[in-house]
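Residue numbers (this note's numbering): 469 to 690.
C-beta atoms are modelled at their ideal positions from N, C-alpha and C, and glycine is treated no differently.
Worksheet: the structure to be examined is printed underneath.
And the structure:
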């Protein structure tokens, strides 16, 4: 099993480059990630089907957990998100409505202010999309990105989690109505209104998992 641990300033990335196809073939519910704070620092346990692996940040090693070995009793993380995710407007607020001829795509709640959400809506027919900042308490929404995408060749961005800074949100890039759904991680700066790509030297095969300390992503890729 090959591993690569890479640091990009505020973001550290662990690439697990073992049998990625096997991981990809597992359903979302079958992939479990646990975390614990042991004597040697941050640790992750990755369960894929009947096989478990343990990552130790102190030594940057990944070891296969043998059958019958008890894993950590730490809480299991979502396979993709640690922040609250919305898949319908009702998950955010009964007062929220989408643009006519658009459908709600995905939203993520701020862990710093429960009233604040970032969400994406997409064209029902076509590849246009909008990215919004929404405040539940004031029912005010502000458009962050608006893209008509008439040629179907521009990236869309869905929010996947908040960074350690309240004004910066992680986005996953994707092409709408296309199998290319994991086209990198970007950071949207709410203050500067800029969207910046994190240049990772590998390809992700599923939505990255943000660790509870918001310093690292677990990425299965090649």
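For residue 552, which option in 564, 576, 569, 562 has the closest C-alpha, if you only look at C-alpha atoms?
The sequence position of residue 552 within the chain shown is 84, counting from 1. The residue with the shortest Cα to Cα distance from residue 552 is 576.
How close, in whole Å, do the beta carbons of residue 583 and residue 603 come, if the pair is a contact with beta carbons under 8 Å?
Mapped onto the chain shown, residue 583 falls at position 115. Mapped onto the chain shown, residue 603 falls at position 135. That pair is a contact at about 5 Å.
Take the Cβ of residue 578 as the centre, count every other Cβ of all protein chains shown within 10 Å, and call the residue buried at 16 or more, exposed below.
For the purposes of this step, residue 578 is taken as residue 110 along the chain shown, with counting starting at 1. So residue 578 counts as buried.
Helix, strand or coil for residue 489 per DSSP?
Counting from 1 along the chain shown, the entry for residue 489 is found at position 21. Summary for residue 489: the model assigns pLDDT 30, below 50, so the residue's position carries little reliability, and this model does not support an answer.
Excluding five sequence neighbours on each side, which residues of the same chain lie with their C-beta closer than 8 Å to the C-beta of residue 569?
Translated into the one-based positions of the chain shown, residue 569 becomes position 101. Counting only Cβ-Cβ distances below 8 Å, and skipping sequence neighbours, we find 591, 592, 593.
Let me check understanding here. Comparing Cα to Cα, which of 678, 563, 587 lies closest to residue 624?
One-based indexing of the chain shown puts residue 624 at position 156. Among 678, 563, 587, the Cα nearest to that of residue 624 is on 587.
Between the Cα of residue 664 and those of 676, 640, 687, 564, spot the shortest distance and give me the residue it belongs to.
Start at 1 with the first residue of the chain shown, and residue 664 comes out as number 196. Cα-wise, what sits closest to residue 664 is 640.
Could you check if residue 626 is buried or exposed, using at least 16 other CB atoms within 10 Å of its CB as the buried criterion?
Here residue 626 refers to the residue found at position 158 of the chain shown. The residue is buried, with at least 16 neighbouring Cβ atoms inside 10 Å.
Name the DSSP beta bridge partners of residue 682, please?
On the chain shown, position 214 is the one that residue 682 refers to. Paired residue(s): none; residue 682 is not in a bridge.
Within this structure, are the beta carbons of residue 638 and residue 653 separated by less than 8 Å?
Here residue 638 is taken as the residue at index 170 of the chain shown, counted from 1. Here residue 653 is taken as the residue at index 185 of the chain shown, counted from 1. Contact flag set, yes.
Just how far apart, CA to CA, sit residue 670 and residue 687?
The count along the chain shown starts at 1 and reaches residue 670 at position 202. The count along the chain shown starts at 1 and reaches residue 687 at position 219. Computed Cα separation, rounded: 10 Å.
Classify residue 667 as helix, strand or coil using the three-state DSSP reduction.
Taking the chain shown and counting its residues from 1, the one referred to as residue 667 is at position 199. Here residue 667 sits in coil by DSSP.
Just to confirm the assignment, what range does the beta strand (DSSP E) spanning residue 629 have?
For the purposes of this step, residue 629 is taken as the residue at position 161 of the chain shown. Taken as a continuous stretch (DSSP letters only), the beta strand (DSSP E) holding residue 629 covers 624-630.
I'd like the span of the beta strand (DSSP E) that includes residue 612, first residue to last.
As a first step, residue 612 must be located in the chain shown, where it is residue number 144. Here the beta strand (DSSP E) through residue 612 covers 608-615.
With DSSP run on the structure shown, which of helix, strand or coil describes residue 633?
As a working mapping, residue 633 is identified with position 165 in the chain shown. The answer is coil: DSSP assigns residue 633 none of H, G, I, E or B.
Which same chain residues, not among the five before or five after residue 634, have their C-beta less than 6 Å away from its C-beta?
Sequence index remark: in the chain shown, residue 634 carries index 166 (1-based). Counting only Cβ-Cβ distances below 6 Å, and skipping sequence neighbours, we find 580.
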